[in-house]
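A.B. asks:
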Amino acid sequence: MTHEYTTAATLAREIRAGEVSPVDVLDDLFAQIDAHDDAVNAFTYRREDDAYEAAREAERAVEEGRGLGPLHGVPVAIKDLDTPVEGAPMTCGSAPLADNVAEEDCLPVERLKDAGAIVVGMTNVPEFGHKGTTDNPLHGTTVTPFDTDRIAGGSSGGSAAALAAGMTPLAIGSDAGGSIRIPASACGIAGLMPSFGLVPFDARPDALEAHSPFTALGPMARSVEDVALMLDVLVGWDASDPFSVPAPEADYVGATRRGADSLSVGYSPDLGIFPMEDVVRDIVEEAVAELDAAGASVTPSEPAFGHDYETMLAAWEEGFKLLLSSLPEKVEQATGIDLWGEHRDELMDQFVAYIEEGLDQSAAEFKRADMVRTDVYDAVNDVLADNDVFVTATLATPPFDADIAGPTAVDGHPVDPYFGWPLTWVFNLTGHPVLSVPAGFTDDGLPVGLQIVGQRFDDETVLAAGAAIERIRPWDDHYPPAGIA
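The sequence shown: position 290 = 275 (the numbering used here), numbered continuously.
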C-alpha cells in the first residue's frame, strides 16, 4: 500500500503505532511529486534532505518510545508567502526574491514542527499573493490536478494543487481575500480561513498588517477531519501578534463527528449580489438540499448588506491595495531588496497597478471603506443570529482556463476579471471563520466548492457542518483527479 491519499489522521495514528514508517511515507510522496509536479507545478522548492532527516528521527522516536506530537511524522507543505521556513527559499513568487532564504521559522511552522510534522517543501503563489490565480514569472503557472489546462486558484494555489495531487496530506495557506478558499474550491479539497486572531500571524516588520483586510493563516487538507487536526496545533495566543486571542475550549476534531441534525443553516447561493453560472448554483443547491434531508434545518437567508457588489468590492480593495502598496518598503527593510526602484521592471503588471492605486488612496477613503465593512459585518451577524452557520458558493464559476486573468463576465453579467468571480473576499471584510469544501463536481469532473460561515470563534460548528457535508456527499472517490490519473 502506498500513502499518496492516506489522510493525515490515519498517518499520525499508524506512525505512532509503529505500523507505518515516516520514511516510507516520504518515499511515496516524493515519488508522486516526481511523477506529476511537472504537469501541476505545485512546488517551488523540495526540502528533501531535511525532510528525510526529520523522518528518520521521527522513526527513532517511535522505536524508543518517546513522547510524540499529534502530527508526529506527518508531512506538510508550506506556502511560499507569509510562512517562512528556516533555510528554505522565501521568494513570494517574485523574481527579485529568487535568492532570498528565510533565516528562521515563522510561528505556525514552529508549531507544526513541535507537533511532529515534517515540512516537505514550499508551494507556489502569485507574486506576493496579489490575485486569485497562481502564476508568476519566477516559477510559472500552477493548475488544478482535475484539469491541467485550468486554474488551481490562488493565492495558496500550490498548496491546494499539492493536496489534490496526493503530494502531501496537509498544507498551510493564508487568506486576505479568499486565498485559502478559492484554491480549495478549484482543487476539490477543504480549506479553512479561521476566525481572525485564532491562529497567530507573526508578521514582521509590520505586526498590524493583518487587520485590513482581515487576513488569516489556516489549514488545508483533503478531509475536514485533517483540517481540524491541523487547526488544533495552530491555534492559541502569542505575544508576537497583537490580534491573537487565547485558544478557546474547543474540540475541533470531535466537532467533525457531530450529526447534521444538530445544525441550523442559513443559505444564499449568491449572497444576493453576485452573478453565478447555473452549474455552480445547481451543484451547491443539491448539496444544501441533501444537508436538509439529512436532518439539518435549512432556511433561505439573504444578508441585508445595504450595498451592491461594486461598493463592497471597492471597500475590500481599499484595504487590499493599501496592504500591497506597503510591501516594497517592508521587503526592503526585511531583505535589503529594492522592489520599487531597482527591480520595479521585474514585477508583474497587475501587482504594480495595485501598488500604484494603493499609494494614491487617502485616509478618508480608507475610513469610508471601514463604514461599508461595518455594514457587511452587521449583516453577516444578523444571519448568524438565527443560524449556526451560513452557506454560500465559494466561486461563481468552475475553474476556468489557466491562460486568462479571469472571466470578464459571469452568466452574461460583466465582472472584474480578478475578483468578480470569488464570493470569498466578502468575509475578509468581517473576520468570521469560513470553510470551503467540495459541494460536488460538474459533468466534466471539475470541482465546485461551497463556503460555510460561522460565528466569530465558533470554528467548531463550521467544521461540524463541513464534515456533515463530507459524509453526505463524499469527495475522496474523486482522487486521484482525472487530470493526473
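Note that the Cβ used here is the ideal one computed from N, Cα and C, for glycine as well. Values in this document were obtained by computation on a predicted structure and should not be read as measured data.
Could you tell me which residues DSSP puts in a beta bridge with aspartate 132?
C.D. replies: Paired residues: Thr129.
A.B. asks: Quick check on serine 229: buried or exposed, where buried means 16 or more other Cβ atoms within 10 Å of its Cβ?
C.D. replies: Flag for serine 229 reads buried.
A.B. asks: Taking contact to mean at least 3 C-beta pairs separated by less than 8 Å, is the stretch 119 to 128 in contact with the stretch 351 to 371?
C.D. replies: The stretch 119 to 128, when compared against the stretch 351 to 371, does not touch it at the 8 Å Cβ threshold.
A.B. asks: Please report how far the alpha carbon of glycine 173 lies from the alpha carbon of methionine 152, in whole angstroms.
C.D. replies: Glycine 173 and methionine 152: Cα-Cα distance of roughly 14 Å.
A.B. asks: In angstroms with no decimal places, state the Cα-to-Cα distance between asparagine 413 and proline 407.
C.D. replies: C-alpha separation (whole angstroms): 12 Å.
A.B. asks: I need the straight-line Cα distance from valine 8 to leucine 214, nearest angstrom please.
C.D. replies: Cα-Cα distance, rounded: 21 Å.
A.B. asks: Using C-beta distances below 7 Å, list every residue in its chain close to arginine 441, excluding the 5 sequence neighbours before and after it, in chain order.
C.D. replies: Answer for arginine 441: Ser180, Gly416 and His417, listed in chain order.
A.B. asks: Determine the closest residue to aspartate 23 out of Gly143, Pro383 and Ile454, with distance taken between C-alpha atoms.
C.D. replies: Measuring from the Cα of aspartate 23, the nearest candidate turns out to be Gly143.
A.B. asks: Could you say which of Met261, Ile258, Val269 and Pro285 lies nearest to serine 249 if we only look at CA atoms?
C.D. replies: Nearest of Met261, Ile258, Val269 and Pro285 to serine 249, Cα basis: Pro285.
A.B. asks: Rounded C-beta distance between alanine 2 and alanine 156? I'm assuming under 8 Å.
C.D. replies: Wrong, their Cβ atoms sit about 24 Å apart, outside the cutoff.
A.B. asks: List the residues that DSSP assigns as beta-bridge partners of alanine 278.
C.D. replies: Its beta-bridge partners do not exist; DSSP assigns none.
A.B. asks: Roughly how many angstroms separate the alpha carbons of arginine 31 and glutamate 270, rounded to a whole number?
C.D. replies: The straight-line gap from Cα to Cα measures roughly 40 Å.
A.B. asks: In angstroms with no decimal places, state the Cα-to-Cα distance between glycine 468 and aspartate 355.
C.D. replies: The straight-line gap from Cα to Cα measures roughly 43 Å.
A.B. asks: With DSSP as the reference, identify every bridge partner of isoleucine 437, one or two as the case may be.
C.D. replies: Per DSSP, Val376 and Leu420.
A.B. asks: CB arginine 207 to CB threonine 379, shorter than 9 Å?
C.D. replies: Contact: no.
A.B. asks: Applying the criterion that 16 or more other CB atoms from any shown protein chain within 10 Å of the CB defines a buried residue, is glycine 280 buried or exposed?
C.D. replies: It is exposed - the Cβ of glycine 280 has fewer than 16 other Cβ atoms within 10 Å.
A.B. asks: Could you tell me whether the Cβ atoms of alanine 240 and threonine 446 are closer together than 9 Å?
C.D. replies: Yes.
A.B. asks: Going by DSSP, what residue range makes up the beta strand (DSSP E) through methionine 215?
C.D. replies: Element bounds for methionine 215: not the beta strand (DSSP E) but the alpha helix (DSSP H), 209 to 219.
A.B. asks: Between the alpha carbons of alanine 188 and threonine 377, how many angstroms are there, rounded?
C.D. replies: Each residue's Cα considered, the two are about 31 Å apart.
A.B. asks: Assuming contact is defined by CB atoms lying nearer than 9 Å, are alanine 20 and threonine 127 in contact in what I supplied?
C.D. replies: No. Outside cutoff.
A.B. asks: Leaving out the 5 sequence neighbours to the left and right, which residues in its chain are closer than 7 Å to leucine 193 when beta-carbon positions are compared?
C.D. replies: Excluding sequence neighbours, leucine 193 sits near Pro227.
A.B. asks: Taking all protein chains shown into account, do 16 or more other C-beta atoms lie within 10 angstroms of the C-beta of proline 198, making it buried, or fewer, making it exposed?
C.D. replies: Answer is buried; the Cβ neighbour count reaches 16.
A.B. asks: Look up asparagine 121 in the DSSP assignment and say whether it is helix, strand or coil.
C.D. replies: Here asparagine 121 sits in strand by DSSP.
A.B. asks: Could you pull out every residue in the same chain whose Cβ sits closer than 7 Å to the Cβ of histidine 463, ignoring the five residues on either side in sequence?
C.D. replies: Closer than 7 Å at Cβ, skipping near neighbours: Gly173 and Phe426.
A.B. asks: Cβ atoms of alanine 175 and alanine 450: under 9 Å apart, would you say?
C.D. replies: Contact: no.
A.B. asks: Measure the Cβ-Cβ separation of alanine -6 and valine 238 and say whether it is below 9 Å.
C.D. replies: Against a cut-off of 9 Å, the Cβ pair of valine 238 and alanine -6 comes out as a contact.
A.B. asks: Restricting to Cα atoms, I'd like to know which of Gln436, Pro383, Asp401 and Pro384 is closest to threonine 409.
C.D. replies: For threonine 409, the nearest C-alpha among the options comes from Gln436.
A.B. asks: Using DSSP with H/G/I as helix, E/B as strand and the rest coil, what is proline 399?
C.D. replies: Strand, per DSSP.
A.B. asks: Of the choices Pro81, Lys64 and His(-12), whose alpha-carbon is the least far from that of alanine 73?
C.D. replies: When only C-alpha atoms are compared, the closest one is Lys64.
A.B. asks: Taking 9 Å as the cut-off, decide whether the C-beta atoms of alanine -3 and valine 47 are in contact.
C.D. replies: No, Cβ-Cβ distance for alanine -3 and valine 47 is not below 9 Å.
A.B. asks: Pull up the distance between the alpha-carbon of leucine 183 and that of aspartate 13, whole angstroms please.
C.D. replies: So the two alpha carbons sit approximately 33 Å from each other.
A.B. asks: What would DSSP say about valine 70, mapped onto helix, strand or coil?
C.D. replies: DSSP places valine 70 in coil when its eight states are reduced to three.
A.B. asks: Which of the three DSSP states is assigned to leucine 155 in this structure?
C.D. replies: Note: leucine 155 maps to strand in three-state DSSP.
A.B. asks: Excluding five sequence neighbours on each side, which residues of the same chain lie with their C-beta closer than 7 Å to the C-beta of glutamate 303?
C.D. replies: Cβ neighbours of glutamate 303 beyond the five flanking positions: Gln346, Glu350, Phe351 and Ala354.
A.B. asks: Are the stretch 70 to 85 and the stretch 290 to 305 in contact at 8 Å, needing three or more beta carbon pairs?
C.D. replies: In short, these stretches do not touch, since the Cβ pair count stays below three.
A.B. asks: Just verifying my parser: in three-state terms, what is the DSSP assignment at arginine 96?
C.D. replies: Arginine 96 falls in the helix class under three-state DSSP.
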